[in-house]
Amino acid sequence: MKRLLLLSILFSIIIFSSCARKVTRIDPAETPDINGSWNNNDSRLTAEELTKQVLSEKWLSEYSSQKGKKPVVIVGMVTNKSHEHIEAETFMKDLERSFITTGKVGLVQSGKKREEMRAEKADMQSNTSVSTMKKFGLEKGADFILQGSINSIVDAFKRKKTVTYQINLELTNIETNEVVWIGDKKIAKYVKN
Amino acid sequence: MRTIITILCLLFFVQIQAQNLAPDQNPSYLTSQNKYILVEDSLQNTMNTTVQQTYKAFDWYQFKQERKQNRINTRQQIRINRSMNSFDFNNNGWDNSGFNNNRWNNNRRNNNNNWNNGFNNNRFFSSIGFRSGNWFFWF
Numbered sequence: 000m001k002r003l004l005l006l007s008i009l010f011s012i013i014i015f016s017s018c019a020r021k022v023t024r025i026d027p028a029e030t031p032d033i034n035g036s037w038n039n040n041d042s043r044l045t046a047e048e049l050t051k052q053v054l055s056e057k058w059l060s061e062y063s064s065q066k067g068k069k070p071v072v073i074v075g076m077v078t079n080k081s082h083e084h085i086e087a088e089t090f091m092k093d094l095e096r097s098f099i100t101t102g103k104v105g106l107v108q109s110g111k112k113r114e115e116m117r118a119e120k121a122d123m124q125s126n127t128s129v130s131t132m133k134k135f136g137l138e139k140g141a142d143f144i145l146q147g148s149i150n151s152i153v154d155a156f157k158r159k160k161t162v163t164y165q166i167n168l169e170l171t172n173i174e175t176n177e178v179v180w181i182g183d184k185k186i187a188k189y190v191k192n
Numbered sequence: 000m001r002t003i004i005t006i007l008c009l010l011f012f013v014q015i016q017a018q019n020l021a022p023d024q025n026p027s028y029l030t031s032q033n034k035y036i037l038v039e040d041s042l043q044n045t046m047n048t049t050v051q052q053t054y055k056a057f058d059w060y061q062f063k064q065e066r067k068q069n070r071i072n073t074r075q076q077i078r079i080n081r082s083m084n085s086f087d088f089n090n091n092g093w094d095n096s097g098f099n100n101n102r103w104n105n106n107r108r109n110n111n112n113n114w115n116n117g118f119n120n121n122r123f124f125s126s127i128g129f130r131s132g133n134w135f136f137w138f
């Protein structure tokens with residue numbers, strides 16, 4: 000009787016443990032491809048490639064030698080015109096981080112974060128002490144704006160599919176409208192269901 | 000004399016304006032500046048964001064999966080609708096009022112034959128029980 004009870008407990012443990020959800024930590028640099036959609040690997044490869052391109056091309060040295068200072072960049076809009084929902088912030092942040100860590104390019108805040116900053120400054124005008132209050136009109140102006148687009152081409156028949164992503168980033172001189180750099184990264188995938 | 004004074008004044012103002020211009024700057028830059036200052040906020044809404052303009056790509060496999068799921072959903076909806084309107088199921092399409100006028104069939108909502116007399120073609124649902132609309136729940 001005791002043996003039967005033990006066996007039934009063991010059996011139930013095996014049954015229920017096999018049904019339980021299992022989560023394991025993996026290295027973000029080695030995320031496996033599950034269904035062929037845009038994933039962490041693609042974002043990382045894009046960031047690496049574009050960072051390498053933007054920091055090594057001639058626009059940077061030309062500007063620095065002409066003006067005698069490092070260029071200041073503001074991040075603009077990225078348009079996702081692909082067939083999947085892709086958030087560009089995942090690779091844009093890596094790019095922005097590279098500007099700051101290398102110290103070759105200055106970066107100014109944009110979008111909602113800039114609005115929040117200005118709101119905080121406005122709040123300071125009536126709430127903080129005069130010695131610590133920050134003034135309006137002293138923000139650093141950007142020299143270049145970084146804009147981009149994501150495109151994709153899908154070719155599918157029956158269980159086979161190829162997907163090609165093209166990520167483009169453009170750097171434009173705000174004063175002259177001159178495009179000084181275009182970076183691109185192409186990712187092609189073959190998916191068999 | 001008046002004309003000369005007007006021309007001199009005009010030249011003076013043009014000179015002042017030219018002094019404010021950067022080298023090679025378009026003198027009518029203010030037209031554009033005033034236009035964009037008015038719409039600045041709305042144009043900067045999307046800054047530092049990803050604007051999603053995605054399209055639906057044709058994927059044969061995905062299309063097949065979706066079609067299968069739609070079929071499952073439709074069948075499920077039909078079953079739900081059938082169970083909601085189950086009183087009609089026992090209607091065999093014929094007026095059975097002349098037959099089986101026993102005391103069980105004379106309720107107000109179902110004058111049809113609820114017993115398995117061969118006219119009832121409902122293969123999936125029992126003719127007695129919950130939601131079947133028969134006498135069992137109508138007392």
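Those sequence lines, one after another, are chains X and E.
Those letters in the first sequence? Residues 0 to 192, per numbering that gives the first Met the number 0, in order.
Those letters in the second sequence? Residues 0 to 138, per numbering that gives the first Met the number 0, in order.
By construction, the Cβ of each residue, glycine as well, lies at the ideal position given by its N, Cα and C atoms.
If you're wondering where the values come from, they're calculated on a predicted model, not measured in any experiment.
Asked: Taking only three categories from DSSP, how would you classify X:Gln169?; Found: As written in the sequence, residue 169 of chain X is Glu, which differs from the Gln given in the question. Three-state result, X:Glu169: strand.
Asked: In whole angstroms, what is the alpha-carbon distance linking X:Pro70 and E:Arg70?; Found: 58 Å
Asked: Excluding the 5 residues preceding and the 5 following X:Ile73 in the sequence, name in chain order all residues of the same chain whose CB lies nearer than 6 Å to its CB.; Found: Val107, Ser109, Ala141, Ile144
Asked: For X:Asn192, go through chain E and note every residue whose CB falls closer than 8 Å to its CB, in chain order.; Found: Tyr60
Asked: Counting along the chain, where does the alpha helix (DSSP H) carrying X:Leu54 start and finish?; Found: 39-55
Asked: Distance, Cα to Cα, X:Asn39 vs X:Phe90?; Found: 9 Å
Asked: Out of E:Asn47, E:Ile77, E:Lys67, E:Trp59, point me to the one whose CA is closest to X:Lys111's CA.; Found: E:Asn47
Asked: What number of angstroms, rounded off, separates the C-alpha of X:Thr101 from the C-alpha of X:Trp58?; Found: 16 Å
Asked: Using a Cβ-Cβ distance under 8 Å, would X:Ala155 count as near chain E?; Found: yes
Asked: Is the beta carbon of X:Gly75 sitting closer than 8 Å to the one on X:Val190?; Found: no
Asked: If we count the other Cβ atoms within 10 Å of its Cβ and call it buried at 16 or more, is X:Leu4 buried or exposed?; Found: exposed
Asked: What are the residues that DSSP puts in a beta bridge with X:Asn79?; Found: X:Ile149, E:Gln51
Asked: Keeping to the same chain, check which residues put their C-beta closer than 7 Å to that of X:Ile99; ignore five residues upstream and five downstream.; Found: Leu106
Asked: Could you tell me whether any Cβ in chain E is nearer than 8 Å to the Cβ of X:Val74?; Found: yes
Asked: Name the residues in the stretch 39-73 of chain E whose C-beta lies less than 7 Å from a C-beta of chain X; which are they?; Found: Thr45, Met46, Asn47, Thr48, Thr49, Val50, Gln51, Gln52, Thr53, Tyr54, Lys55, Ala56, Phe57, Asp58, Trp59, Tyr60
Asked: Quick one: Cα of X:Leu170 to Cα of E:Asn44, how far?; Found: 19 Å
Asked: Please check if any C-beta of chain E sits within less than 8 Å of the C-beta of X:Ser109.; Found: yes
Asked: Helix, strand or coil: which one does DSSP assign to X:Lys159?; Found: strand
Asked: Comparing alpha-carbon positions, which option in E:Ser27, E:Lys55, E:Ser82, E:Lys67 lies nearest X:Val153?; Found: E:Lys55
Asked: Does any C-beta atom of chain E lie closer than 8 Å to the C-beta of X:Thr45?; Found: no
Asked: Just the chain E side, please: which residues come within less than 8 Å of X:Thr78 by C-beta, in chain order?; Found: Thr49, Val50, Gln52
Asked: Given that a residue counts as buried once 16 or more other Cβ atoms are within 10 Å of its Cβ, and exposed if not, what is X:Ala87?; Found: buried
Asked: What whole-angstrom Cβ distance do X:Ser148 and X:Thr78 have, given they're in contact under 8 Å?; Found: 5 Å
Asked: Candidates X:Leu44, X:Glu29, X:Val104, X:Asp32: which alpha carbon is nearest X:Ala63's?; Found: Rather than Ala, the amino acid found at residue 63 of chain X in this sequence is Ser. Of the listed residues, the one whose Cα sits closest to X:Ser63 is X:Val104.
Asked: What does the Cβ neighbour count give for X:Val53, buried or exposed, with the cut at 16 atoms within 10 Å?; Found: buried
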